[in-house]
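Q: Mapping the sequence shown onto the working numbering, position 120 (from 1) lands on 120, and the numbers just tick up by one.
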Amino acid sequence: VPTVCILTHFGPFSLSSSGLLLRRACTRFGVRPVLDLFANRYNKQLNRFYSMRPDPMAEGVNALAQTWPTTKVLYANPPWSLITEFLQKVSDEGATVLTVLPVWQAQPWWAEFRRMWAAPPLYLRG
C-alpha cells in the first residue's frame with residue numbers, strides 16, 4: 001500500500017508563489033521531497049523536476065511515463081485533469097508523494113485518495 005503525505009486545498013491554488021507553504025508542509029509531515037513531478041523551470045518547487053514538455057533543465061518529460069524513485073519522497077501538484085492517472089501511478093509505483101489536490105469529495109478518485117493518506121491533511125485556502 002503506498003504511503004502518501006497529503007497537502008490539500010480549497011479552490012485554485014499554487015505553491016509557486018511561496019516556497020514557505022511547501023516548507024511548512026514538509027516540516028508538518030517530516031518529509032523532504034527530492035523531485036517535483038509536475039513542473040517547469042519557472043514554477044518548480046525543487047531543483048529536480050519532470051516537465052510536461054521537453055526542457056533541458058528537466059530530468060524527464062511526462063511524470064506519468066517515468067519510473068519514480070521509491071526510496072525517496074516526491075512532490076506533486078498535478079494538473080486536475082490528470083488526478084485519476086496520477087493516483088493510479090502512485091499506487092502502481094508504491095511511491096511516497098507530498099501531494100497538493102483540491103478537496104473534491106464528490107469526485108470518483110476521492111475515496112482512493114483518502115485510503116492513501118499517511119497523516120491528516122494540511123488544509124490550505126486558496
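All residues carry an ideal CB built from backbone N, CA and C; glycine is no exception.
Could you pull out every residue in the same chain whose Cβ sits closer than 7 Å to the Cβ of residue 1, ignoring the five residues on either side in sequence?
A: Model confidence at residue 1 stands at a pLDDT of 42, short of 50, so the residue's coordinates are unreliable and nothing is read from them.
Q: Would you report the Cα separation of residue 130 and residue 59, rounded to the nearest angstrom?
A: Residue 130 is absent from the structure shown; the chain starts at 1 and stops at 126.
Q: Using a Cβ-Cβ cut-off of 8 Å (strictly less than) and excluding sequence neighbours within five positions of residue 73, which residues of its own chain qualify?
A: Around residue 73: 5, 31, 32, 33, 34, 96, 97 and 98.
Q: So who's on the other strand from residue 25, going by DSSP bridges?
A: Note: residue 25 sits in no beta bridge, so no partner.
Q: Report the rounded CA-to-CA distance for residue 117 versus residue 56, giving the unit in angstroms.
A: C-alpha separation (whole angstroms): 34 Å.
Q: Per DSSP, what kind of secondary structure is residue 76 in: helix, strand or coil?
A: Three-state result, residue 76: strand.
Q: Output the boundary residues of the beta strand (DSSP E) element that contains residue 100.
A: Per DSSP, residue 100 belongs to the beta strand (DSSP E) from 96-102.
Q: Need the endpoints of the beta strand (DSSP E) that residue 36 sits in, please.
A: 35-39 is the span of the beta strand (DSSP E), which, as asked, contains residue 36.
Q: In terms of alpha-carbon separation, which member of 103, 108, 109 and 110 lies closest to residue 122?
A: Selected option, being the one with the closest Cα: 103.
Q: As a quick exercise: from 41, 68, 46 and 106, pick the residue whose alpha carbon is nearest that of residue 19.
A: Taking only the C-alpha atoms, the option nearest residue 19 is 46.
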